[in-house]
């Protein structure tokens, strides 16, 4: 469907009408001005006379295959082959087809064109008929496309650069396109391909694909225009019957498929004046091959319109349900307003209206009359005034999906009479179905201005509560008044439904072990994914799920810095491919108590989600979609890019903040020196901004998150262990095993040799000192406990010496960071605020304390006191009800390379640490030769 105007497809759904019975393409026959048939070689055809425009015909070759049939290693081949179809064939060598069309006055790319979709490849010729033998030549071209292409390396290399430029300039007509196509054949690869796909294509691959799939049995020739159907049919049979009957593999009729998940996406935008909450619920649309099936579809839309009568009363709300691709529709609810709480209130009202509609008498006879009138007004029969190209569009849907459409006024009138017979009771099953959908899963997104009050993004819990509260309310404040009785009232908006996919839990657990001392079960899937599960009997109904991948911003090589900067933020712009309306998903998540957030640090990325116990399976599937198929929010991305272009030459907001906040500027510097933070280079020039590609960012994100080795799923809360293991394996065991991406060499950093750095600030009268020590360590819980004891020892002595004895500080702040990769590294930062004249003394006392700790073992009692604090804090935090602390702990163990069996012996290891052992660790870490002193001092005015 690439290259088509989506509005046309959506309009077609509303106007799509069908004849009684299904049509089988067999022996040729004539229906009114139409001829159909199938040749012995399997080629089907539809020919129709249509005089608009006159002396012109559309000649299309429709192949019932597209990028969906590409096998691994063939990505981009279907699109590449479409290009080469104009680069030389048996009867039209070189650019012969293009030259012939140009001689007729047809421009390549307009009257002569082609498109590759997920489920189709369509070649289109719009040919003037005032020349000699135009249809004869068109038949030769069609025959060459099917069996006579001359695929050679020279033409392939020449076309490769053309395709790359097409990809570079390509902008999908629908910003939610990739979200709506879901997973399966449609979601595996974009039909247009990527530059990398195109670079990998070889001539042998093209030839094999062509010989395998370009078969007459998978093709339909479509001719609509100012032609005689019978004579054209005779010509077609004479010319194309000689094509060889190439056998072709069966094309699996895959539909759009979705994981039953939620995705929570928040877009803060200081340019917005209102907040927008979107929820989208994909659901399967039955085919409409008969008049009865079409009537059912129209009745469903009458039910939706009854709901919309009420949601239209809410200002800023819109309810739609559009067919998109395959047999999937998308129920979409959009809410817009100034306050988050107001949006949640509107969401409750919208759902209460849906719930109330199922009470007898809610839909009055007068309203039913209006619903029928609207349904009948949507009926449309194609006629002589319809352009031939539009006829072809409808025929393509019939060829691919079996959807026929009304062609005469008599067919319209017949269907209108059946609409008149619809009763209120006939709407109820569809209203019940919408209610079922909204209780399932949705894509949710929230756009807001963080500078405005009251627009804090709603949590998943609040969204779930709003949805459930609305559905449980059988009465509503939204009362529809027929048009002639309408009083001045507020305009309302709609709410989308949710798609709930079935599940078949299967065990794919390679190994498992339960650490009884801490109640944690560790398991491994066959693809390398590690699972850590801690059921908590006393926890609330929310289960916390975290997916941790051990590559963060440090993994971004310098060559990609500008292209994938702020990666997590861009991924959070949108939802997921499976559900295209972000506000809809947010509303659903709020109602059902589900939340999800994507975060990224230097050395890890995390996808965090929460859900009630009953909703963990949908959450897991939602998280997988966010990992592998995030929505490409092109409109938001482009708006940001345009904003960046508009800000060129002006101080950035971040730059202004850092200028006003020297402490933040200093921390950035310190972190960059230590490697704790690697500055992510933002695009700085117009060229760099214009070269930004959301597709490239999504590709990088998907590559990172699809690497199963090193991926860890942490689940804590109240759940059944065996059921949770089955749910996780059902969702994630099918992912192929992929190794971690090696870190770029330039990212394995060591601290730079700065020793003393001073920054002047004009808004301070004190000096902020940062004394920093760094070094290496041996990863593991034992060393980690030694480092934590060191931190507490130093803090205690600083308080005693600098505050109690010297009286030059109020309180020190100590920050410790240690990481096992890319090489073991630990840093300790002491932050003290002193008067300028006391800064030298503070530094001297700190150095004395450090030397004392390095040379003299701490007393046993001093260590015992700290040890006791650790044990008490652990006992108080890690309870059977504190899921947050358990999640934090398990993630920390994962990221720090600490072992569960060690943590099971936490107190034993802690007690076994000796003063001398601790001194040795202190001696290594607090090395004066690796001592950095950074300070922020008052501005000196000259």
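Residue numbers (my numbering): 24 to 965.
Where a beta carbon is used, it is the ideal one built from N, C-alpha and C, also for glycine.
None of these values were measured; they are calculated from a predicted model.
Closest Cα partner of residue 265 within the set 309, 65, 539 and 467: 65
Reference residue 114; option with closest CA among 617, 169, 193 and 71: 169
Same chain only: Cβ atoms within 6 angstroms of residue 53, ignoring 5 sequence neighbours per side: Caution is warranted here: a pLDDT of 46 is assigned to residue 53, below 50, making its placement in the model unreliable, and no coordinate value can be reported.
Touch test, the region 630 to 647 against the region 577 to 594, Cβ-Cβ under 8 angstroms, three pairs minimum: no
Status (buried if at least 16 other CB within 10 Å, exposed otherwise) for residue 622: exposed
Three-state secondary structure (DSSP) of residue 430: Coil.
Proximity below 9 angstroms, CB of residue 2 to CB of residue 274: The question about residue 2 has no answer here: the residues shown for the chain are numbered 24 through 965.
Close beta carbons around residue 46, own chain, < 6 angstroms, minus the five adjacent residues each side: Annotation note: pLDDT 32 at residue 46 (below 50); position unreliable, no value reported.
For residue 261, the residue or residues it bridges with in DSSP: In DSSP, residue 261 forms no bridge with anything.
Beta-carbon gap between residue 568 and residue 631 smaller than 9 angstroms: Yes, Cβ-Cβ distance for residue 568 and residue 631 is below 9 angstroms.
Residue 341 classed as buried or exposed, judged by whether at least 16 other C-beta atoms fall within 10 angstroms: Buried, by the Cβ-count rule.
Boundaries of the beta strand (DSSP E) in which residue 585 is found, first to last residue: Note, residue 585: premise wrong, no beta strand (DSSP E); not H, not E.
The alpha helix (DSSP H) enclosing residue 481, as first and last residue numbers: Here residue 481 belongs to no alpha helix (DSSP H), and DSSP marks it neither H nor E.
Distance, residue 233 Cα to residue 270 Cα: 12 angstroms
Residue 863 versus residue 915 - alpha carbon distance: 37 angstroms
Same chain, Cβ closer than 6 angstroms to residue 946, neighbours up to 5 away in sequence not counted: Residues of the same chain with a CB within less than 6 angstroms of the CB of residue 946, apart from the 5 flanking positions on each side, are 877 in chain order.
Neighbour-count burial assignment, residue 176, 16 or more Cβ in a 10 Å radius: With fewer than 16 Cβ atoms within 10 Å of its Cβ, residue 176 is classed as exposed.
Sufficient close CB pairs (3 or more, under 8 angstroms) joining the region 917 to 931 to the region 539 to 551: Touching, yes.
Close-in-space but distant-in-sequence residues of the same chain around residue 593 (CB under 7 angstroms, 5 per side omitted): 660, 717 and 720
Whole-Å CB distance - residue 693 paired with residue 953, under 8 angstroms assumed: About 14 angstroms; that fails the 8 angstroms criterion.
Residue 866 - containing alpha helix (DSSP H), residue span: 862 to 878
Cut-off 6 angstroms between Cβ atoms - residues of its own chain near residue 243, not counting five sequence neighbours on either side: 67, 85 and 422
Cut-off 8 angstroms between Cβ atoms - residues of its own chain near residue 125, not counting five sequence neighbours on either side: 131
Alpha-carbon spacing of residue 819 relative to residue 832, whole angstroms: In this structure, the CA atom of residue 819 is about 13 angstroms from the CA atom of residue 832.
Per DSSP, the bridge partner or partners of residue 794: 853 and 956
Cβ shell of residue 959 (< 6 angstroms), same chain only, five flanking positions each side left out: These residues qualify, in order along the chain: 685, 689, 782, 784 and 791.
CB-CB length for residue 590 against residue 723, believed under 8 angstroms: Going by Cβ atoms, the distance from residue 590 to residue 723 rounds to 7 angstroms, so yes, they are a contact pair.
Residue 968, buried or exposed, once every other Cβ within 10 Å from all chains shown has been counted against 16: There is simply no residue 968 to check, as the chain begins at 24 and stops at 965 in what is shown.
Beta-carbon spacing of residue 466, residue 654 below 9 angstroms: yes
Residue 416 - DSSP class collapsed to helix/strand/coil: helix
Completely contained beta strand (DSSP E) runs for the region 120 to 168, where each covers 3 or more residues: Every beta strand (DSSP E) stretch that sits fully inside the region 120 to 168 and reaches 3 residues is listed by chain position as 135 to 139 and 144 to 151.
Classification of residue 973 by the beta-carbon crowding that lies within 10 angstroms, buried from 16 upward: Because residue 973 is not part of the residues shown, which for the chain are 24 to 965, the question remains open.
DSSP bridge partner residues for residue 572 (one or two, in chain order): 628
Residue range of the unbroken beta strand (DSSP E) whose run includes residue 558: 553 to 558
The region 601 to 618 / the region 298 to 313 touching (three or more Cβ pairs under 8 angstroms): yes
Opposing strand residues paired with residue 779 [DSSP bridges]: 956
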